[in-house]
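Q:
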């Protein structure tokens, strides 16, 4: 194969791919160890008659639809397939423990993981009277508005959360809403409400325009549009498959609504390497489809290695929380004690990437929501004669939308920026924090003004390999494409003569060029195979 300069062109062919993804048949116990999460396998063995909710991913096959392939495998062991999850090349299902173990022997099955439930957490600090708008000022948003005229106009941010309530500060800029906690999700062109109260607060930090406070409590991108993707129930809980369905909908509809940013102010405890994590995989698919994914680091600090998933993924922007002490000065700032610290617990990847103010943040109130009813002392208003329009919350959930708003400003100024370039710009222009190590502060506090002023587009090349599920799901759209590796780390790789695919370092692919020009990511399949089973246990977990 001919080399040219520093790069090596590689033609991906089925003969090269198949050895990694199909594999030889092995004994059942070995298949279970290879394909089923250890805790799930142990539970299935101990209670073979119990029903388990799982997500099954399929071995890629050019002739088959991955979601349908996974669903068919489930049916062969008398299980019930509930939803196609094309974004990870699989399906959600329920089946007995005995059937689960038998399913591992199916040659069409790549992996089986628990469709686990998890909840949204926030910091329960009181003291609404001490709250202020300093956080938005401290990241330089007013400079971006005044000096550059940037307000997020024309950019849409998808808020994957508990819903978004109608609010004067959002006006008509909730351009679409869909509820995946409902039995029959359908798109609405007006807000569907927020039974939990968390998503509305998040949306306001991104795109509230301060109508109810004469502009004082505006979000970072006050003219941005938002799309409400509800995946969290009124009790603060959700499931893996519910979130995956929401992310897949964003992938399919991103061009319809010009969704350039996704905000995920929640996470689950990381149980594995990001390469085996389906939340991380879905986030990567969106990233390589051109959508900037901004994720909360988690509220499990101050201990080390407490980053949650999908924030563990190296391609997303992971945000920690700064306590700005209610002032615009850095002199009295500190990293919030609840903010999860790096590195990632399994892979040891440096996280968070940046931090932003996230303590005692004033944003939009969802009147009558669960949080509104549980914490009436957090209601906050500027007019003593009017019903309070705002609410006070703390957490990395609040820091994340601040960064998502900054991303919207950057994309308004230069829509051609890719997710990798946006991340590089934010990290390279962040304000270093001398009082905090990188394990808690990352590169420092995000700085909208300097990020906008920068012209540096970064290297544009991935530094890590992609997840297993994303690699499997890439089989069909990448088949027959010419990929480019940096030959310094080619390691024998794969070529048209069938050299081993497994030895290729995924991080050396020039993904930015590939995804921008040669892949139609709508080819990621979607197959509805049942009705929603609802969200699971979890709840509005209090942390401090």
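Residue numbers (my numbering): 833 to 1376. Don't be surprised by glycine CBs; every beta carbon is placed ideally from N, CA and C. Note that the coordinates shown come from a computational prediction; the quantities given were computed from them, not determined experimentally.
1) Please report the straight-line C-alpha distance between residue 948 and residue 885, rounded to a whole angstrom.
2) Can you give the Cα-Cα distance for residue 1207 and residue 941, rounded to whole angstroms?
3) Just the Cα atoms here: how many angstroms apart are residue 1001 and residue 1199?
4) Report the option in 1076, 1004 and 1176 whose CA atom is closest to the CA atom of residue 1106.
5) Answer yes or no: do residue 1150 and residue 1127 have a C-beta to C-beta separation smaller than 8 Å?
6) Where do the N-terminal and C-terminal ends of the beta strand (DSSP E) with residue 924 fall, by residue?
7) Assess contact between the segment 1084-1093 and the segment 895-915, defined as three or more Cβ pairs (one per stretch) separated by less than 8 Å. Is contact present?
8) Three-state secondary structure (DSSP) at residue 1189?
9) Anyone know if the C-beta pair for residue 1240 and residue 989 falls short of 8 Å?
10) Spatial neighbours of residue 1352 within its chain, please: CB distance less than 6 Å, with the 5 preceding and 5 following residues excluded, ordered by chain position.
11) Residues in the same chain with beta-carbon distance under 6 Å from residue 1019, minus the five sequence neighbours each way, listed in chain order, please.
12) By Cβ distance, which residues of its chain are closer than 7 Å to residue 925, with the 5 residues on each side in sequence left out?
13) What do you get for residue 1026, buried or exposed, if any count of 16 or more other CB atoms within 10 angstroms of its CB means buried?
14) Comparing C-alpha positions only, which one of 1274, 1254, 950 and 1265 sits nearest to residue 1287?
15) For the alpha helix (DSSP H) holding residue 1082, just list the boundary residues, first then last.
16) Pick helix, strand or coil for residue 1121, following the three-state DSSP scheme.
17) To the nearest angstrom, report how far apart residue 1303 and residue 1055 are at their CA atoms.
18) For the 8 Å Cβ check, are there 3 or more pairs between the segment 1106-1123 and the segment 1213-1224?
19) DSSP puts residue 883 in a beta bridge; with which residues?
20) Could you spell out where the beta strand (DSSP E) holding residue 949 opens and where it closes?
21) Does the Cβ-Cβ distance between residue 1060 and residue 995 come in under 8 Å?
22) So which of 875, 936 and 927 has the shortest CA-CA distance to residue 867?
23) For residue 919 versus residue 993, is the C-beta distance shorter than 8 Å?
24) Could you tell me which of 1021, 878 and 943 sits nearest to residue 898, measuring between CA atoms?
25) Any contact between the segment 981-988 and the segment 1027-1037? By contact I mean 3 or more CB pairs, one from each, below 8 Å.
26) Helix, strand or coil for residue 1155, going by three-state DSSP, please let me know.
27) Is it right to say residue 879 is buried, meaning 16 or more other beta carbons lie within 10 angstroms of its own, or is it exposed?
28) How about residue 916 and residue 890: are their beta carbons less than 8 Å apart?
29) Please classify residue 997 as buried or exposed, where buried requires at least 16 neighbouring CB atoms within 10 angstroms.
30) Taking residue 1192 as the reference, which of 1181, 1017, 1257 and 1165 has the closest Cα?
31) How many whole angstroms separate the CB atoms of residue 1184 and residue 1154, which I take to be in contact at a CB cut-off of 8 Å?
32) Applying the criterion that 16 or more other CB atoms from any shown protein chain within 10 Å of the CB defines a buried residue, is residue 1098 buried or exposed?
33) Please classify residue 1230 as buried or exposed, where buried requires at least 16 neighbouring CB atoms within 10 angstroms.
A: On the basis of the coordinates in this document:
1) One-based indexing of the chain shown puts residue 948 at position 116. One-based indexing of the chain shown puts residue 885 at position 53. Roughly 8 Å between the two C-alpha positions.
2) To locate residue 1207, count along the chain shown from 1; it is residue 375. To locate residue 941, count along the chain shown from 1; it is residue 109. Residue 1207 and residue 941: Cα-Cα distance of roughly 46 Å.
3) Along the chain shown, one-based indexing puts residue 1001 at 169. Along the chain shown, one-based indexing puts residue 1199 at 367. The alpha-carbon atoms of residue 1001 and residue 1199 are separated by roughly 14 Å.
4) The residue you call residue 1106 lines up with position 274 of the chain shown. Residue 1176 is the option with its Cα nearest to residue 1106.
5) What you label residue 1150 is simply residue 318 of the chain shown in a count that begins at 1. What you label residue 1127 is simply residue 295 of the chain shown in a count that begins at 1. Yes; because the gap between Cβ atoms is below 8 Å, this pair is in contact.
6) Sequence index remark: in the chain shown, residue 924 carries index 92 (1-based). Counting along the chain, the beta strand (DSSP E) containing residue 924 begins and ends at 922-928.
7) no
8) Taking the first residue of the chain shown as 1, we reach residue 1189 at position 357. If DSSP states are grouped into helix, strand and coil, residue 1189 belongs with the strands.
9) For the purposes of this step, residue 1240 is taken as residue 408 along the chain shown, with counting starting at 1. For the purposes of this step, residue 989 is taken as residue 157 along the chain shown, with counting starting at 1. Cβ distance < 8 Å, so residue 1240 and residue 989 count as in contact.
10) The count along the chain shown starts at 1 and reaches residue 1352 at position 520. Residue confidence for residue 1352 is low, a pLDDT of 42 falling below 50, so the modelled location carries little weight; the figure read from the coordinates is stated next. Result list for residue 1352: empty, nothing under 6 Å.
11) Residue mapping note: residue 1019 aligns to position 187 of the chain shown, counting from 1. Here the set comprises 1008 and 1010.
12) Counting from one through the chain shown, the residue named residue 925 turns up at place 93. The answer, listed in chain order, is 886, 888, 906, 911, 912, 913 and 914.
13) Position 194 of the chain shown, counted from the start, is the residue given in the question as residue 1026. Its Cβ being crowded by 16 or more others within 10 Å, residue 1026 is buried.
14) The residue labelled residue 1287 in the question sits at position 455 within the chain shown. The option with the nearest alpha carbon to residue 1287 is 1254.
15) In the chain shown, residue 1082 corresponds to position 250, counting from 1. It spans 1072-1089 - the alpha helix (DSSP H) in which residue 1082 sits, taken as one unbroken run.
16) Position 289 of the chain shown, counted from the start, is the residue given in the question as residue 1121. Three-state DSSP puts residue 1121 in coil, outside helix and strand.
17) Walking along the chain shown from the start, residue 1303 turns up at place 471. Walking along the chain shown from the start, residue 1055 turns up at place 223. Going from the Cα of residue 1303 to the Cα of residue 1055 covers about 37 Å.
18) no
19) Taking the first residue of the chain shown as position 1, residue 883 is located at position 51. Residue 883 is bridged to 928.
20) By 1-based counting over the chain shown, the position of residue 949 is 117. Here the beta strand (DSSP E) through residue 949 covers 949-951.
21) Against the chain shown, residue 1060 aligns to sequence position 228. Against the chain shown, residue 995 aligns to sequence position 163. Their beta carbons are under 8 Å apart, which means residue 1060 touches residue 995 by this criterion.
22) In the chain shown, the residue the question calls residue 867 occupies position 35. The shortest C-alpha separation from residue 867 is found at 936.
23) As a working note, residue 919 is residue 87 in the chain shown. As a working note, residue 993 is residue 161 in the chain shown. Against a cut-off of 8 Å, the Cβ pair of residue 993 and residue 919 comes out as no contact.
24) On the chain shown, residue 898 is found 66 positions in, with the first residue counted as 1. Considering only alpha carbons, the answer is 943.
25) no
26) Start at 1 with the first residue of the chain shown, and residue 1155 comes out as number 323. In the structure shown, residue 1155 sits in a strand (DSSP, three-state: E or B).
27) Here residue 879 is taken as the residue at index 47 of the chain shown, counted from 1. Per the 10 Å Cβ criterion, exposed.
28) As a first step, residue 916 is located in the chain shown; it is residue number 84 there, counting from the start. As a first step, residue 890 is located in the chain shown; it is residue number 58 there, counting from the start. The answer is no: Cβ separation not under 8 Å.
29) In the chain shown, the residue the question calls residue 997 occupies position 165. It is buried - the Cβ of residue 997 has at least 16 other Cβ atoms within 10 Å.
30) Residue numbering aside, residue 1192 sits at position 360 when the chain shown is read from its first letter. For residue 1192, the nearest C-alpha among the options comes from 1165.
31) Locating residue 1184 in the chain shown gives position 352, where the first residue counts as 1. Locating residue 1154 in the chain shown gives position 322, where the first residue counts as 1. With 8 Å as the limit, residue 1184 and residue 1154 do not qualify as a contact, their Cβ atoms being about 11 Å apart.
32) The residue you call residue 1098 lines up with position 266 of the chain shown. Answer is buried; the Cβ neighbour count reaches 16.
33) Taking the first residue of the chain shown as 1, we reach residue 1230 at position 398. Buried is the call here.
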